[in-house]
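So the protein lines, in turn, are chains A and B.
Counting in my numbering, the first sequence runs without a single skipped number right up to 618 at its last residue.
Counting in my numbering, the second sequence runs without a single skipped number right up to 249 at its last residue.
We put the beta carbon where it would ideally sit given N, CA and C, even for glycine.
I have placed the structure first, in the form of structure tokens, so that the comments after it can refer back to it.
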Amino acid sequence: MWESRTLCFWGTSACTRRFRMLSFADYSVPAFAGRLMTLDWIAGAWAVFAKDARLELRTRVALGALVMFVAASLLLVWLSLGGAETSPSTAAALLWIVVVFASAVGLGRVFVAEEERGTTLLLQLALRPAQVLAGKLVFNAALTVALSLFAGAGFRLLLPVRLGEPALFWLALVLGALAISAATTILSAVIARAQAAGPLLPVLVFPVLVPILLPAVALTELASFAPADVWAEAQSSLVLLVAYAGLLTSLSFVLFDHVWRD
Amino acid sequence: MQRDDLTLPRFGSLYRVFGVVMAVWVTVVVVLGIMGPVSRLPILEHTARNLYFHVPMWFVLYTGAIAGAWHSARLLATGREIHDIRAESAWLVSMTAGTIAIITGIVWSRFTWYVGTDIWWNGDPRQVMVAVQLLIGGAYFVLRGSVDDPRRRGRLSAVYALLATATMPFLTYVLPRQYKSLHPGAEGNPAFSEMDIASDMRWIFYSAAVGFLMLGWWLYTQRVRSVVAERRAERLTDNTPAPTAALS
């Protein structure tokens, strides 16, 4: 079927198989040309990110919704606890539930918005799939990190449990947020192509988030209790988070082509 | 997804013979499992019979999930419709087995190790893993239900299946560190080695594993054949030529 196309744009991947192989191969050409192409590639990905960031700063829809979601759920958590004494383990679990739900609700926008505005085709024509994904991934990562840091600060304010190692607490939030954004970006591209986009993202993303949630909660607990060799104990969970984020990111780049092409 | 001619391998009468052998085999296994000899260990007593039904379901669950992931990858590589049908059928069989595995597991643990307590959900790593696997399967079918265009449905669900499969090695590595397990190979529980299944039981267990894997494969092929027949019948009724290039 792809062979019947006559037009071939670099970014669309609606090209023939031969051309697509070329577009992968040109990363391995000699140093000089390779560097130019890499710069070109980064410029394209950056343009996607800059466009999204500018649109976001113009309307502040996603940011406002996320901040309100986090603030409201923090207040709900605080109210439902009813001033009861909270253990650090419970606080860690609640914090990550708020972060995970907020990102599942808010991060689906990046690709759904393109589909709603009808600008998907333009992106497909102008850029390679991997560039689009990279731009969106960076945008989502920035949004998730900001949101989880905000949630963390809110938790410190409302549920001031013991915190032995603040650096580990914030590091866990940042790493967990990066891993969550890796999972949600590719899945939001998937749901943007489906009909009932709204409620679908949480359904798809929660099972994939389980391997992030477990080490993240463990790290947050560890930061609260802070035993003597806290960093040595945190090592395996940190490695796990980074490895899973890396796996999801590389898998996203492999699979995104099949989502983006139509 | 290309519109392919949907040919299936023809096994002819061999397939029918296989069906009969499988049916007899599974019947014998079920009867032996319920009536056969059992080593009455202190806590287990007769519940040890659940070994024949619970554990093979777990094998079918993972064989099916691996087959589903394999055909999803083949679909993305080749774009042939048959791989979409095969992937969906494999996932369906896998999810059915997973549901049975988790129910038999919950009932087994509740009335054996947790008898007299109120613990149904004991947070065993394998239990959580199967639960996550069932969530993934549910999400897979929800995703399939929400896409109308069949080509797009095949591709998107294949992408999701592959992404979700990637979580499995992490879960096998992460979960056991956080939860205690009743399962073999964890916390000094014996693994499936020479010693811990009595020899009478071992042969029934092996034949149950083979029997339920055969049953799983047979259900899978039945489902594939029926979907293929359905698709072919649809093509007979609408004689519109296949779209050469899809624009959307």
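The residue among A:525, A:432, A:500, A:467 with its C-alpha nearest the C-alpha of residue 455 (chain A) is A:500.
Residue 110 (chain B) and residue 129 (chain B) have their C-alpha atoms roughly 14 Å apart. For residue 149 (chain B), the chain A residues whose Cβ falls inside 8 Å of its Cβ are 551, in order along the chain. In the displayed model, residue 160 (chain B) falls within a helix according to three-state DSSP. Three or more Cβ pairs closer than 8 Å define a contact, and the segment 130 to 142 of chain B meets that threshold against the segment 558 to 572 of chain A. By the Cβ test, the segment 93 to 102 of chain B is in contact with the segment 47 to 61 of chain B, since at least three Cβ pairs between them sit closer than 8 Å.
For residue 496 (chain A), the enclosing alpha helix (DSSP H) stretches over residues 485 to 514.
Beta-carbon to beta-carbon, residue 581 (chain A) and residue 520 (chain A) are separated by about 6 Å, close enough to satisfy the 8 Å threshold. Between residue 217 (chain B) and residue 94 (chain B), the C-beta gap is smaller than 7 Å, which places the two residues in contact. Per DSSP, the continuous alpha helix (DSSP H) segment holding residue 128 (chain B) begins and ends at 126 to 146. Taking each of A:489, A:607, A:394 in turn and checking the Cα distance to residue 545 (chain A), the smallest one comes out for A:489.
In this structure, B:86 is the residue among B:113, B:92, B:86, B:171 with its C-alpha nearest to the C-alpha of residue 5 (chain B). Under the Cβ criterion of 7 Å, residue 97 (chain B) is not counted among the residues facing chain A. Of all residues in the segment 157 to 168 of chain B, those with a C-beta nearer than 8 Å to a C-beta of chain A are 157, 159, 160, 161, 163, 164, 165, 167, 168, reading in chain order.
Residue-level contact by beta carbon fails for residue 142 (chain B) and chain A, as no gap is shorter than 7 Å.
Contact between the segment 601 to 610 of chain A and the segment 159 to 167 of chain B is present: 3 or more CB-CB pairs across the two stretches fall below 8 Å.
Cβ proximity to chain B below 8 Å picks out 559, 560, 562, 563, 564, 566, 567, 570, 571, 574 from the segment 558 to 583 of chain A. Going by beta carbons, residue 459 (chain A) and residue 536 (chain A) fall inside the 7 Å limit. By the criterion of a C-beta distance shorter than 8 Å, residue 117 (chain B) is surrounded by no residue of its chain, once the five residues flanking it on both sides are discounted.
The shortest CA-to-CA distance from residue 24 (chain B) to any of B:208, B:90, B:47 is the one to B:208.
If you ignore the 5 residues before and after residue 514 (chain A), its C-beta comes within less than 7 Å of the C-beta of 430, 434, all in its own chain and listed in chain order. Residue contact check for residue 503 (chain A) against chain B: no CB pair falls below 7 Å.
Minimum Cα-Cα distance from residue 134 (chain B) among the listed residues B:76, B:115, B:66 corresponds to B:66. The beta carbons of residue 538 (chain A) and residue 601 (chain A) sit closer together than 7 Å. For residue 218 (chain B), the enclosing alpha helix (DSSP H) starts and ends at 200 to 238.
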